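Here this note's numbering = 1-based position in the sequence shown + 7. By construction, the Cβ of each residue, glycine as well, lies at the ideal position given by its N, Cα and C atoms. The structure presented is a predicted model; accordingly, all values stated were derived computationally and were not measured. Here the structure is laid out as structure tokens; the discussion comes afterwards.
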Amino acid sequence: MSRNVKVRGWKDAPTFLAIPTFLAIPALLAALALVACAGPKDIPTPLETVDGDVLTSHDDMMAFLTGLQNETGAFAMDTIGTSVEGRSLVLLDFTGSRLSGAPDGPRLKMLMFAQQHGNEPSGKEAAMALARDIATGRFSAFLESVDFYLIPQVNPDGSEMRQRANAAGSDLNRDHLTLSTPEVAALHSVFKEHMPEVTLDIHEYGPAGSAWVRAGMHKDFGQQIDGLTNPNMSMELRSFVWDRVIPNLRERLAPQEVFLRRYLVSGSPHERFRYSTTALNDGRNSMGIYNSLSFLIEGLNGLTVEEDIRERTRRQLETMKAFALFFSENAAEVKALVDAERARLWGDGASPEVALVADYVKDPAHPGVTVGVINLETGLPESRTFEEYYPVVETTLSVPRPLGYAIPPHLTEVLEVLARHGIALGTVEGSLPAEVETYRIERVEASWKEDKEFLDVGVTVHRRDLVLPQGTVVVWSDQLASNLIAALLEPQSQWGLAQLPEFASLLAVSAEYPILRIVGAAD
Ligand SMILES: [Zn+2]
Numbered sequence: 008m009s010r011n012v013k014v015r016g017w018k019d020a021p022t023f024l025a026i027p028t029f030l031a032i033p034a035l036l037a038a039l040a041l042v043a044c045a046g047p048k049d050i051p052t053p054l055e056t057v058d059g060d061v062l063t064s065h066d067d068m069m070a071f072l073t074g075l076q077n078e079t080g081a082f083a084m085d086t087i088g089t090s091v092e093g094r095s096l097v098l099l100d101f102t103g104s105r106l107s108g109a110p111d112g113p114r115l116k117m118l119m120f121a122q123q124h125g126n127e128p129s130g131k132e133a134a135m136a137l138a139r140d141i142a143t144g145r146f147s148a149f150l151e152s153v154d155f156y157l158i159p160q161v162n163p164d165g166s167e168m169r170q171r172a173n174a175a176g177s178d179l180n181r182d183h184l185t186l187s188t189p190e191v192a193a194l195h196s197v198f199k200e201h202m203p204e205v206t207l208d209i210h211e212y213g214p215a216g217s218a219w220v221r222a223g224m225h226k227d228f229g230q231q232i233d234g235l236t237n238p239n240m241s242m243e244l245r246s247f248v249w250d251r252v253i254p255n256l257r258e259r260l261a262p263q264e265v266f267l268r269r270y271l272v273s274g275s276p277h278e279r280f281r282y283s284t285t286a287l288n289d290g291r292n293s294m295g296i297y298n299s300l301s302f303l304i305e306g307l308n309g310l311t312v313e314e315d316i317r318e319r320t321r322r323q324l325e326t327m328k329a330f331a332l333f334f335s336e337n338a339a340e341v342k343a344l345v346d347a348e349r350a351r352l353w354g355d356g357a358s359p360e361v362a363l364v365a366d367y368v369k370d371p372a373h374p375g376v377t378v379g380v381i382n383l384e385t386g387l388p389e390s391r392t393f394e395e396y397y398p399v400v401e402t403t404l405s406v407p408r409p410l411g412y413a414i415p416p417h418l419t420e421v422l423e424v425l426a427r428h429g430i431a432l433g434t435v436e437g438s439l440p441a442e443v444e445t446y447r448i449e450r451v452e453a454s455w456k457e458d459k460e461f462l463d464v465g466v467t468v469h470r471r472d473l474v475l476p477q478g479t480v481v482v483w484s485d486q487l488a489s490n491l492i493a494a495l496l497e498p499q500s501q502w503g504l505a506q507l508p509e510f511a512s513l514l515a516v517s518a519e520y521p522i523l524r525i526v527g528a529a530d
């Protein structure tokens, strides 16, 4: 991880606000001057200092956070990387803060990160307010049982341009498989360094997709949340999300007039409604594959990026606080649960099979789903029930978990992806006799899963003894990333590297797949 700036230090008695010299925004200067008179409890966020729907720029966010850090000394602010256009990506580290009165000891680690999508700014605005509320002691009690990390803005370039993608045109929340963008690589460096048991990725969904408008309505689903959806993830954790976390948060948020439901995806009122995706290329599932309790929230965006930003920010902030409180109150239980489920990812406790293909199916007990919409004819909210409801993830293909995989050293792009994930790799010195399974690729066909195209791969498997030559790279399954390793490397994996255009050469038909499964020691 590159950390070229580090502002650390817990000040004892903050008395005045140092104004950074690079601050040149008159409105913000005025606000900060106000702060200097009013005291640290009243530090307004940039959004709180302006009239109307004005989003906070990266410069203003950095000035605000630097000022807040100087004023309160309540957190460390670390630069964890830079965006494509060179903007700083920062991590607010509240661990070790004097705000947490609890004695040292194992605490629940929680990471929140916002605005991977540049046109979804309310999470960043809320993150600034949350940082302020923690740093000024208004909302800090949860730190007694939680080590808290906050990345307020993952995609500053996209934010400046009011666009979903980063400056290079990459959708950051589809980059968590290969970690090829500097923004997502930085985020995962933080994740892998601290391995938080709980993560929260903060987004917004648009109300007015064209198919919805054509059907005469806008989505009005309220505030949405979801947890783990890939079938390789612990069922204990998945049930904990559905049975404990979401009902509890729903109850906490109702008095704040925030209606919470499980995150439903549907491209149009006539298509399938499902609970997001099993893919591993997003922030939630890429962390969940380590049996982290990882979540995303989807607030309701405006008809423009700016519209109603204060109310959108309020709902996100309330949800983030409810989330922090739930996990603070249940910290010991959650930490024990995640520790136990992570221990089952490898070693004797690991599941003998790894799921490779899954899709959403109907549940006869729940034939339809009812959601809120805005009727565009009347302008009024109403409830609609949709029958194309596919709530259950069903695995359709699994393979036995191998001891490991043997990768020829010339597959440098594959090896680089594994290295970026921090996966442990070994290299054969001399030679290694092994019992292996090889795949011959028999067919590759376009198929349809989760309402998008994927490659349906047919193989034949051959088992034999051979000697892995010097320089062969070996990745053993006996590590925390075991499920991720199989999901990335198996040729039939719906979530694998071979599905990506840049790795298409791995799937040459009538040829041997170059990555081998190690299933035993050779006789
Ligand atoms: Zn998003």
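Is DSSP giving ARG269 helix, strand or coil here?
-> Assigned with DSSP and collapsed to three states, ARG269 falls in strand.
Do you know whose CA, among SER301, THR284, ASP485, lies nearest TRP353's CA?
-> The residue from SER301, THR284, ASP485 with its alpha-carbon nearest to that of TRP353 is ASP485.
Quick one, which of VAL361, THR392, ILE522 has its alpha-carbon nearest GLN501's?
-> Of the listed residues, the one whose Cα sits closest to GLN501 is VAL361.
Per DSSP, what kind of secondary structure is VAL312 in: helix, strand or coil?
-> coil
Integer Cβ distance of PRO416 from THR326, believed to fall under 8 Å = About 47 Å separates the two Cβ atoms, so there is no contact after all.
Per-residue burial, TRP219 [other beta carbons within 10 Å of its own, 16 or more giving buried] = buried
Going straight from the alpha carbon of PHE82 to that of VAL61, what length do you get?
-> 27 Å
Among all the DSSP beta bridges, which residues are the ones paired with ILE209?
-> Paired residues: ALA121, ILE304.
Heavy atom of ligand 1 less than 7 Å from the Cβ of GLN123, yes or no?
-> yes
Length of the line joining the Cα atoms of ASP315 and GLY309 | 6 Å
Identified DSSP bridge partners for THR89 = SER95
Three-state secondary structure (DSSP) of ASN382 | strand
Could you tell me which residues DSSP pairs with LYS199 in its beta bridges?
-> Paired residue(s): none; LYS199 is not in a bridge.
In terms of alpha-carbon separation, which member of PRO203, VAL378, VAL399, ARG391 lies closest to ASP366?
-> VAL399
Does DSSP classify MET294 as helix, strand or coil?
-> helix
Looking only at its own chain, which residues have a Cβ that is under 8 Å from the Cβ of ALA138, when we skip the five neighbours before and after it?
-> LEU72, LEU75, PHE82, LEU99, LEU157, PRO159
For ligand 1, any of its heavy atoms closer than 7 Å to the Cβ of HIS210?
-> yes
Neighbourhood of ALA136 by C-beta, 6 Å cutoff - its chain only, sequence neighbours within 5 removed | THR52, LEU324
Beta-carbon proximity list for GLY356, same chain, < 7 Å, skipping 5 on both sides = ALA350
So, are the CB atoms of LEU344 and GLU243 less than 8 Å apart?
-> yes
Under the criterion of a Cβ to heavy atom distance below 7 Å, does ASN292 qualify as lining ligand 1?
-> The closest heavy atom of ligand 1 lies 7 Å or more from the beta carbon of ASN292.
Classify ALA528 as helix, strand or coil using the three-state DSSP reduction.
-> strand
Counted within 10 angstroms of its Cβ, other Cβ atoms place GLN477 as buried (16 or more) or exposed = The residue in question, GLN477, is exposed, as its Cβ has fewer than 16 Cβ neighbours within 10 Å.
Spatially closest choice to GLY411 from GLY465, GLU497, PHE334, by CA coordinates | GLU497
Under 7 Å from any heavy atom of ligand 1, does the C-beta of ASN180 make it?
-> If you check the C-beta of ASN180 against ligand 1, you find a heavy atom less than 7 Å away.
Determine the contact status of TYR396 and GLU305, defining contact as a CB-CB distance below 8 Å.
-> no
Can you check whether the CB of GLU449 is closer than 8 Å to the CB of ASP463?
-> no
Output the distance between the C-alpha atoms of ALA142 and SER512, rounded to the nearest integer angstrom.
-> Distance between the alpha carbons of ALA142 and SER512 is about 51 Å.
Start-end ranges of the beta strand (DSSP E) lying completely within the stretch 447 to 494, minimum 3 residues | 459 to 475, 480 to 483
Among GLU457, MET168, GLU55, ALA121, nearest to THR403 - alpha-carbon criterion = GLU457
Enumerate in chain order the residues of its own chain whose CB-to-CB distance from LEU207 is below 8 Å, with the five nearest sequence positions on each side excluded.
-> MET117, LEU118, MET119, PHE120, SER301, PHE302, LEU303, ILE304, MET327, PHE330
Just how far apart, CA to CA, sit ASN237 and ASP58?
-> 43 Å
When we look at the beta-carbon of ASP530 and count the other beta-carbons within 10 Å, is it buried (16 or more) or exposed?
-> exposed
Ordered along the chain, which non-local residues of its own chain (more than five positions away) have a Cβ less than 8 Å from that of ILE430?
-> VAL482, GLN486, ALA488, LEU491, ILE492
Since I believe LEU332 is in contact with THR445 (beta carbons under 8 Å), could you give me their beta-carbon distance rounded to a whole number of angstroms?
-> The pair is not a contact, with the Cβ atoms about 52 Å apart (cut-off 8 Å).
Can you give the Cα-Cα distance for LEU150 and ARG251, rounded to whole angstroms?
-> 21 Å
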